[in-house]
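Student:
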Amino acid sequence: MRITLVSLHPAPSPQAIPLANAFLKCFAAETGTEIDLEDFFVGDDALACAHNLVERQPAAIGFSLYVWNRAACLAIAAEVRRCMPRVLLFAGGPEVTADPHGVLDGSSLDLAIVGEGEKPFATLCTRLAGNAPLEGIPGILLPGTATPFTPAAPLADLDAIPSPYLEGLLDYGRYPGILWQLSRGCGFTCDFCFDSRGQHGVRRFSLERIESELRHFAKGRVSQVFVLDSTFNQDLKRAKAILRLIKRIAPGIHFHFEVRSEFIDRELANLFSQITCSLQIGLQSADSHVLRGVGRSFRPDDFAARISLLNESGATFGFDLIYGLPGDTLAGFRRSLDFALALYPNHLDIFPLAVLPGTPLADRSAAIGLNHLPQPPYTLLSSPTISAGDMIVAQRLATACDIFYTRGKAVAWFNEVVKALKTSPSGFLNLFSQWLPTVQDAQIGESDLDDQAVWQLQRDFLGSAFGKPGLKRLLPVVLDLVDYHYHYAAALLTPPEQPPGRNKDKGRLLHLPLRLAGSVRLAEFHYEILEILDAGVPDIRRLADTLAPVGSFAAIYPGRDGVCTESLAEPYFRLLERLNGTDPAGRIAADLELEADEATHFLLFALTEVIVLRG
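As numbered in this note's numbering, residues -13 to 601 make up the sequence shown, in order.
1) Measuring straight from C-alpha to C-alpha, what distance separates Gly79 and Ala476?
2) Going along the chain, which residues of its own chain have a beta-carbon closer than 6 angstroms to the beta-carbon of Leu127, five neighbours each way excluded?
3) Thinking just about the alpha-carbon of each residue, which of Ser216, Glu102 and Glu199 is nearest to the one in Leu231?
4) Pick out whichever of Ala575, Leu144, Ala353 and Glu104 has its Cα sitting closest to the Cα of Ile196.
5) Ignore the nearest five residues each way along the sequence and tell me which others in Gly355's own chain have a CB closer than 7 angstroms to its CB.
6) With distances taken Cα to Cα, identify the nearest neighbour of Ala592 among Leu554, Thr112, Ala146 and Thr568.
7) Exposed or buried, what is Lys490 when buried is set at 16 or more other beta-carbons lying within 10 Å of its beta-carbon?
8) What are the residues that DSSP puts in a beta bridge with Ile3?
9) Taking all protein chains shown into account, decide if Lys105 is buried (16 or more other Cβ within 10 angstroms of its Cβ) or exposed.
10) Would you list, in sequence order, the uninterrupted alpha helix (DSSP H) runs of no fewer than 4 residues that lie entirely inside the segment 276 to 362?
11) Count the C-beta pairs between the segment 211 to 231 and the segment 162 to 175 that are closer than 8 angstroms, then say yes if the count reaches three, no if not.
12) Which residue marks the beginning of the alpha helix (DSSP H) containing Val598, and which one marks its end?
13) Quick one: what's got a C-beta closer than 6 angstroms to Val188's C-beta in the same chain, skipping five residues either side?
14) Would you list the residues sitting across from Leu543 in a DSSP beta bridge?
15) Are there 16 or more other CB atoms within 10 angstroms of the CB of Cys603, so buried, or fewer, so exposed?
16) What are the complete beta strand (DSSP E) segments, minimum 3 residues, inside the segment 33 to 90?
17) Where Phe203 and Ala236 are concerned, what is the direct C-alpha to C-alpha distance, given to the nearest angstrom?
18) Counting pairs of Cβ atoms below 8 angstroms between the segment 340 to 353 and the segment 436 to 445, do you hit three or more?
19) At the level of alpha carbons, what is the spacing between Ala255 and Leu590?
20) Relative to the C-alpha of Thr424, which residue among Phe49, Lys405, Val403 and Phe447 is closest?
21) Give the secondary structure of His240 by DSSP, where H, G and I count as helix, E and B as strand, and everything else as coil.
22) Going by beta carbon distance, what residues of the same chain come within less than 8 angstroms of Leu457, once the five residues before and after it are set aside?
23) When DSSP labels each residue in this structure, what does Pro(-11) get in the three-state scheme?
24) Provide the residue span of the beta strand (DSSP E) that contains Glu517, from first to last.
25) My guess is that Thr480 and Gly449 are in contact by the Cβ rule of under 8 angstroms, so how many angstroms apart are they, rounded?
26) Using only CA atoms, which one of Arg(-12), Glu552 and Val53 lies nearest to Ala46?
27) Got a sec? Which residues, its chain only, sit under 6 angstroms from Asp181 by beta carbon, not counting five neighbours each side?
28) Can you tell which of Ala272, Thr594, Phe13 and Ala374 has its C-alpha closest to the C-alpha of Arg285?
29) Which residue or residues does DSSP assign as beta-bridge partners of Phe212?
30) In three-state DSSP terms, what is Gln260?
31) Can the beta-carbon of Leu533 be found closer than 9 angstroms to that of Tyr470?
32) Measure how close the beta-carbons of Phe49 and Ala63 come, nearest whole angstrom, since I'm counting them as under 8 angstroms.
33) Hey, how far is the Cα of Leu561 from the Cα of Pro499?
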């Protein structure tokens, strides 16, 4: 008997290898069922997807449903039903668990797996293989039957699920990253979240299994891992042990963690800084009263103090913010934005409130006046404290922050620019949100812009913002900061090219066609850029008052120990600019009136640093 399990990914490509259906396949292996895993994308033609599934002639097809793929999965299921009237169609996943009757009603599905899926799915496989009735399986909801629904008991020992990684079930090469589940459940009960519904508390995979999977990732040259653990650092001792394992076993892999601020101490911050990782911290709001209304506690001073530990260690982190929480206002959201940006996060992810089915917030939404979409994505439209118009303004602020701050990699200089303009972070972003439609299509979002386009928008807007009398003198310092960090980020994200072998014949170096390495950025500045960098926190007014606008030229490139910045004399800078991989370096140097000896000496340095390569 064959069963096909379908994963429907966000378009245009999945960021991480699918995991939920792989767990089902591993756990049900002993039933002897032939289980296929099939991947599609939201936006794929439903009929084409259905034909692909029908060609396999499975006895049953299951879909993994989330908020963002519910409609697309049900559309494919409907097409399959037209082609294969007798095939068994079912679904599971968070969206099914949150709204099982809503998913089944009016759909082509025959049943729903509610809650943790491994045990119900394995029992379903056994019953189908034996042509046994499907009624009464714990965790499986059948529409239109008199049999009462019985939830399935969660697995007490998660290690009972064979590892799909160690079993060789997943092909790392097809995806830019993988999902790695360390635990299930949540120790918190936020009213807007579904993670802790059904069973409070956390179950965790063993450290022995985690170590084995880490070794497997390192051996398989995985590039990045998205850690599935609602609060990675709630068990502080365990979190530190895992970070030490990562440092020892998989130091070359980039990890993404979700953490809570209240469990951050100095040692943990330092451990995060010793591996390649980024942290996501659910701030949601900086208003303790608003957060208390949705089951969260918040102490601003404690939050800021613990985030300062991350800043001191050099760890990379970002925050989540939600606008539209019950009791929040547009002014309150702007205050939260100001609080968040003042703490120098690497990025902000800002979302409208989603009133998810099955959550306490959804249960009381009508009583407290939350007007929201009844179907995915369940977005709040308005509430008694935030109007529909306010939600639009908040969305524009979120887009402005996405473009200018997060995509613009502005963390190092943003707050100093805001200070120089004598405004607030949210006030600055509001000005940017009003300016943006005057220079581009209002429908264009940050995902439609490449990094260079974002950089140009930053420069153009800052030119406008600092165009007033009394501010113009500050603009050259501001643009130097913006330009430097743009080039720095580009160099950081570009893998360095392989260094050449040693050049034994120095005398022939000028006869060789050389080229600039692809990872090197060349930039001109109004001031000596090294003086700006040496100043530390870039106090823009002080820099404009104390530094001489002498100009400088720099090569910014990835070195052995991080990104390097080399301030160059202009003739050397122009030489690097003109190296094209075709003309001999000596001819270009002569055109620039560089002496042969000094050109040779500089090019030897540039070759050693992999600033230039042989053409």
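Just so you know, even glycine gets a beta-carbon here, dropped at the ideal spot from N, CA and C.
Tutor: By the coordinates alone:
1) Along the sequence shown, read from residue 1 onward, the residue named residue 79 stands at position 93. Along the sequence shown, read from residue 1 onward, the residue named residue 476 stands at position 490. Approximately 38 angstroms, taken between the alpha carbons.
2) Mapped onto the sequence shown, residue 127 falls at position 141. Only Pro86, Ala98, Val100 and Phe135 meet the Cβ criterion.
3) For the purposes of this step, residue 231 is identified with residue 245 of the sequence shown, where counting begins at 1. Across the set Ser216, Glu102 and Glu199, the C-alpha of Glu199 shows the shortest separation from the C-alpha of Leu231.
4) Locating residue 196 in the sequence shown gives position 210, counting from the first residue. That would be Leu144, whose Cα lies nearest to the Cα of Ile196.
5) Stepping through the sequence shown from its first residue, residue 355 is reached at position 369. Listed in chain order, the non-local C-beta contacts of Gly355 below 7 angstroms within the same chain comprise Ser369 and Pro370, local neighbours out to five positions each way being set aside.
6) As a working note, residue 592 is residue 606 in the sequence shown. Ranking Leu554, Thr112, Ala146 and Thr568 by Cα distance to Ala592 puts Leu554 first.
7) On the sequence shown, position 504 is the one that residue 490 refers to. Any reading at Lys490 needs caution, since the residue's pLDDT is 49, under 50, leaving its predicted position unreliable; the model's value is listed next. Counting of Cβ neighbours within 10 angstroms places Lys490 among the exposed residues, the total staying below 16.
8) Translated into positions along the sequence shown, residue 3 becomes position 17. Beta-bridge pairing links Ile3 to Ile164.
9) Position 119 of the sequence shown, counted from the first residue, corresponds to residue 105. With 16 or more other Cβ atoms inside 10 Å of its own Cβ, Lys105 counts as buried.
10) As for any alpha helix (DSSP H) of minimum length 4 sitting wholly inside the segment 276 to 362, the runs are 286 to 299, 316 to 327 and 346 to 350, ordered along the chain.
11) Counting Cβ pairs under 8 angstroms, three or more are found: they touch.
12) Counted from its first residue, the sequence shown places residue 598 at position 612. That residue, Val598, is in no alpha helix (DSSP H); its beta strand (DSSP E) goes Val598 to Arg600.
13) On the sequence shown, residue 188 is found 202 positions in, with the first residue counted as 1. Ser169, Gly171 and Gly173, listed in sequence order.
14) As a first step, residue 543 is located in the sequence shown; it is residue number 557 there, counting from the start. Here the sequence assigns Tyr to residue 543, which means Leu is not the residue at that position. Beta-bridge pairing links Tyr543 to Cys550.
15) Lying before the first or after the last residue shown, residue 603 is absent from the chain, which here runs from -13 to 601.
16) Counting only unbroken stretches of 3 or more residues, the beta strand (DSSP E) elements lying wholly within the segment 33 to 90 are 46 to 50 and 74 to 78, in sequence order.
17) Translated into positions along the sequence shown, residue 203 becomes position 217. Translated into positions along the sequence shown, residue 236 becomes position 250. As the crow flies, the alpha-carbon of Phe203 is around 7 angstroms from that of Ala236.
18) Pairwise C-beta distances place the segment 340 to 353 out of contact with the segment 436 to 445, as fewer than three of them are shorter than 8 angstroms.
19) As a first step, residue 255 is located in the sequence shown; it is residue number 269 there, counting from the start. As a first step, residue 590 is located in the sequence shown; it is residue number 604 there, counting from the start. Separation of Ala255 and Leu590 (C-alpha to C-alpha, rounded to the nearest whole angstrom) is 40 angstroms.
20) Position 438 of the sequence shown, counted from the first residue, corresponds to residue 424. The shortest C-alpha separation from Thr424 is found at Phe447.
21) Along the sequence shown, read from residue 1 onward, the residue named residue 240 stands at position 254. The answer is strand: DSSP assigns His240 an E or B state.
22) Along the sequence shown, one-based indexing puts residue 457 at 471. Excluding five sequence positions before and after Leu457, the CB atoms of its chain that fall closer than 8 angstroms to its own CB belong to Ala406, Leu407 and Ala451, given in chain order.
23) One-based indexing of the sequence shown puts residue -11 at position 3. Reading off the sequence shown, one finds Ile at residue -11, where the question assumed Pro. The answer is strand: DSSP assigns Ile(-11) an E or B state.
24) For the purposes of this step, residue 517 is taken as residue 531 along the sequence shown, with counting starting at 1. Not the beta strand (DSSP E): Glu517 falls in the alpha helix (DSSP H), residues Ile515 to Asp520.
25) Translated into positions along the sequence shown, residue 480 becomes position 494. Translated into positions along the sequence shown, residue 449 becomes position 463. Rounded to the nearest angstrom, the Cβ distance from Thr480 to Gly449 is 27 angstroms, too far for a contact under 8 angstroms.
26) Numbered from 1 along the sequence shown, position 60 holds the residue referred to as residue 46. Measuring from the Cα of Ala46, the nearest candidate turns out to be Arg(-12).
27) Here residue 181 corresponds to residue number 195 of the sequence shown, with the count starting at 1. Scanning its chain for C-beta atoms nearer than 6 angstroms, with the 5 sequence neighbours on each side dropped, one finds around Asp181 the residues Cys172 and Ser216, in chain order.
28) Here the question's residue 285 lines up with position 299 in the sequence shown. Checking every option, the nearest Cα to that of Arg285 belongs to Ala272.
29) For the purposes of this step, residue 212 is taken as residue 226 along the sequence shown, with counting starting at 1. Per DSSP, Leu165 and His242.
30) For the purposes of this step, residue 260 is taken as residue 274 along the sequence shown, with counting starting at 1. Of the three classes helix, strand and coil, the one that applies to Gln260 here is coil, per DSSP.
31) As a working mapping, residue 533 is identified with position 547 in the sequence shown. As a working mapping, residue 470 is identified with position 484 in the sequence shown. No.
32) Along the sequence shown, one-based indexing puts residue 49 at 63. Along the sequence shown, one-based indexing puts residue 63 at 77. About 6 angstroms separates the two Cβ atoms, so the contact holds.
33) By 1-based counting over the sequence shown, the position of residue 561 is 575. By 1-based counting over the sequence shown, the position of residue 499 is 513. When rounded, the distance between both Cα atoms is 12 angstroms.
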